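There are 2 protein chains.
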Amino acid sequence: MELYRSELSQHFVDTFIKKMEFTEEEFNYTVSFFKRQYVPRKFFYLKAGQIAMQKAYINKGSTRTFTMDEKGREHILNFSFEDWWLADFESYHTGKPGTKYIQAVEDCELLCISKEALEKLEIEIPKLKALFEMKQKKMIFSTMERLNEVKTLTAEERYLNLIKKHPQIFQRIPLQYIASYLDIEPQSLSRLRKRLSTK
Amino acid sequence: MELYRSELSQHFVDTFIKKMEFTEEEFNYTVSFFKRQYVPRKFFYLKAGQIAMQKAYINKGSTRTFTMDEKGREHILNFSFEDWWLADFESYHTGKPGTKYIQAVEDCELLCISKEALEKLEIEIPKLKALFEMKQKKMIFSTMERLNEVKTLTAEERYLNLIKKHPQIFQRIPLQYIASYLDIEPQSLSRLRKRLSTK
DNA sequence: AAACGGACTTAACCCGGGTTAAGAAATTTA
DNA sequence: TAAATTTCTTAACCCGGGTTAAGTCCGTTT
């Protein structure tokens, strides 16, 4: 089933047309490889052990990406929202089974493109390759920043940082998930919030 | 001053000749852009605030890369040894002043190539671009793994993990730096080691 | 309206790592 | 070789977050 222009978010269109200066032909051709996929709240887009065979643009909704340790505990690495690209980066690029779970926090509408198609397109349209190379660089920056944050800041500082940088998250993501993202237990987040509210 | 073949480590030569299948001409041409740079123990290859204008191949020696927080505390992100490529990745790619300090732990002999020259070479020799794209991907994998490690493991587990994965580090890096890498104080590492030795 | 289940909070206790301070060991310098 | 400096260890005390266990709140179901 074909994707109609009216079903694409403005941001999606702008990314290709304005930012990457795609022609109408290039854009339509690119779009023809995308397929829509719905992932209802709490359902998984990907699970550890599976191989990431596609990249997904989040047209609507939000997800959490997490790993599970030997004791069965979840550790949220990041949340993703509209206009983000979604994949288990390592699995996608190595072609090996991944280590990450990607679960919808809100009902998601994704626009997916297979690795096969994308690799073909990246050769045909170098601008597309440049786009994803740029995304890749930004991903390294943000992962490094996250690592440095975890190393340098206390739980309280990480919490205040999150409020400052991404206040919208608190409107859409349950506190228990935010706690996991901050590397503390829900009870500790609760205690921390109380401590902050009284001073 | 020119670099002679005999001064290049076998690994450096192999990377280009065997792994990337450079011709002798391509290799010699590439090498002609490299300059040797010595960084004695405790001296800095790069400091926060400076712009990374080059990449360095470590021909000999070891370094530590760290950030400094507002309280003046150092947080070591990683160590680098022979045959690694060295740079403040973010500063190199954004062209903006960096946030990282890179200091020689042992006397270092580096083979450096300017960003300008490398960008030119990457166009002339696509194989070279592919090499650094691959390095970049591996860097993302390892940074993500580090992040996940910091989130999932206790200090003791991170210590045991380091012994298992990189036992050589303990021969070359002072314990105080290893403590910083593990995100604990030197005293805590000492206590932890004692705890482990008695059981 | 009552019952249920999930999300969030509260509290008591415990423990690992931070902090501070001192001393021992190793390495560098004189 | 001695002195000085740096690195590593030990110990006592403290505190933040984990753990366990209830309890509250709220939306959904029956």
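If you're matching them up, the sequences are chains C and E in order.
Following our numbering, the numbering of the first sequence begins with 288 at its first residue and continues without gaps.
Following our numbering, the numbering of the second sequence begins with 288 at its first residue and continues without gaps.
Note that the Cβ used here is the ideal one computed from N, Cα and C, for glycine as well.
Here the structure is a predicted model, which is why all the values come from computation and not from measurement.
Less than 8 Å between C-beta atoms, sequence neighbours within five positions excluded: which residues of the same chain meet that for residue i?
{"i": "E/F299", "result": "Y344, N346, D370 and L398"}
{"i": "E/T439", "result": "none"}
Quick one: list the residues of chain C neighbouring residue i, beta-carbon separation under 7 Å, in chain order.
{"i": "E/K347", "result": "Going along chain C, no residue has its Cβ under 7 Å from E/K347, so there is no contact; the nearest lies around 26 Å."}
Run down chain E in chain order and give the residues with a C-beta less than 8 Å from the C-beta of residue i.
{"i": "C/R433", "result": "L434"}
{"i": "C/M426", "result": "I427"}
Do you know offhand how far residue i's Cα is from residue j's?
{"i": "E/L447", "j": "E/F457", "result": "12 Å"}
{"i": "E/E409", "j": "E/E403", "result": "10 Å"}
{"i": "C/L462", "j": "C/D356", "result": "21 Å"}
{"i": "E/V392", "j": "C/E420", "result": "33 Å"}
{"i": "C/T485", "j": "C/L476", "result": "14 Å"}
{"i": "C/E311", "j": "C/I304", "result": "8 Å"}
{"i": "C/F321", "j": "C/L405", "result": "9 Å"}
{"i": "C/H380", "j": "E/H362", "result": "30 Å"}
{"i": "C/F331", "j": "C/I389", "result": "6 Å"}
{"i": "C/V540", "j": "E/K452", "result": "Residue coverage of chain C in this structure runs from 288 to 486, which leaves residue 540 of chain C outside it and unanswerable."}
{"i": "E/G382", "j": "C/S367", "result": "28 Å"}
{"i": "E/Q341", "j": "E/E432", "result": "26 Å"}
{"i": "C/T430", "j": "E/L479", "result": "29 Å"}
{"i": "E/R482", "j": "E/Y464", "result": "20 Å"}
{"i": "E/S502", "j": "E/E294", "result": "The structure shown does not extend to residue 502 of chain E, since chain E is modelled only from 288 through 486, so no value can be given for it."}
{"i": "C/K329", "j": "C/L364", "result": "17 Å"}
{"i": "C/Q423", "j": "E/K407", "result": "21 Å"}
{"i": "C/K414", "j": "C/T317", "result": "12 Å"}
{"i": "C/Y289", "j": "C/P454", "result": "A quick correction: the sequence has Glu, not Tyr, at residue 289 of chain C. Cα-Cα distance, rounded: 36 Å."}
{"i": "C/R445", "j": "E/E444", "result": "23 Å"}
{"i": "C/L469", "j": "C/K358", "result": "19 Å"}
{"i": "C/K425", "j": "E/N315", "result": "33 Å"}
{"i": "C/L271", "j": "C/F428", "result": "The structure shown does not extend to residue 271 of chain C, since chain C spans only 288 to 486, so no value can be given for it."}
{"i": "C/S401", "j": "C/R351", "result": "21 Å"}
{"i": "E/K416", "j": "C/K416", "result": "13 Å"}
Please return the same chain residues whose Cβ sits closer than 6 Å to the Cβ of residue i, not counting the five positions on each side in sequence.
{"i": "E/R459", "result": "S349"}
{"i": "C/Q324", "result": "L397 and C399"}
{"i": "E/L418", "result": "M307"}
{"i": "C/F234", "result": "It is not possible to answer for residue 234 of chain C, since the shown part of chain C is limited to 288 through 486."}
{"i": "C/I412", "result": "E313"}
{"i": "E/S296", "result": "N346"}
{"i": "E/N435", "result": "none"}
{"i": "E/K488", "result": "For residue 488 of chain E there is no data in the structure shown, the boundaries of chain E being 288 and 486."}
{"i": "C/I450", "result": "none"}
Near residue i, which residues of its chain fall below 7 Å by C-beta distance, leaving aside the five closest residues on each side in sequence?
{"i": "E/P384", "result": "G336, Q337, I338 and S378"}
{"i": "C/P327", "result": "A391 and D394"}
{"i": "E/Y492", "result": "Because chain E here runs from 288 to 486, residue 492 of chain E falls outside it and cannot be looked at."}
{"i": "C/I471", "result": "A442"}
Using a 10 Å radius around the Cβ and a threshold of 16 neighbouring Cβ atoms, would you call residue i buried or exposed?
{"i": "E/A251", "result": "Not covered by the structure: residue 251 of chain E. The range shown for chain E is 288 to 486."}
{"i": "C/Q474", "result": "exposed"}
{"i": "C/F353", "result": "buried"}
{"i": "C/D301", "result": "exposed"}
{"i": "E/K387", "result": "buried"}
{"i": "C/R360", "result": "exposed"}
{"i": "C/T441", "result": "exposed"}
{"i": "C/F376", "result": "buried"}
Name the chain C residues that come within less than 9 Å of residue i, Cβ to Cβ?
{"i": "E/V437", "result": "L434, V437, K438 and D470"}
{"i": "E/T354", "result": "N435, K438 and T439"}
Give the interface partners of residue i over in chain E, defined as CB-CB distance under 9 Å, in chain order.
{"i": "C/E377", "result": "K424, I427, F428, M431 and E432"}
Using a cut-off of 8 Å between C-beta atoms, extract the partners of residue i located in chain C.
{"i": "E/L364", "result": "M431, L434, N435 and K438"}
List, in order along the chain, the chain E residues whose C-beta lies closer than 7 Å to that of residue i?
{"i": "C/H380", "result": "K424"}
Just to confirm, does residue i get its C-beta within under 8 Å of one of the non-hydrogen atoms of the ligand NAD?
{"i": "C/E311", "result": "Among the components modelled here there is no ligand, and therefore nothing to report on the ligand NAD."}
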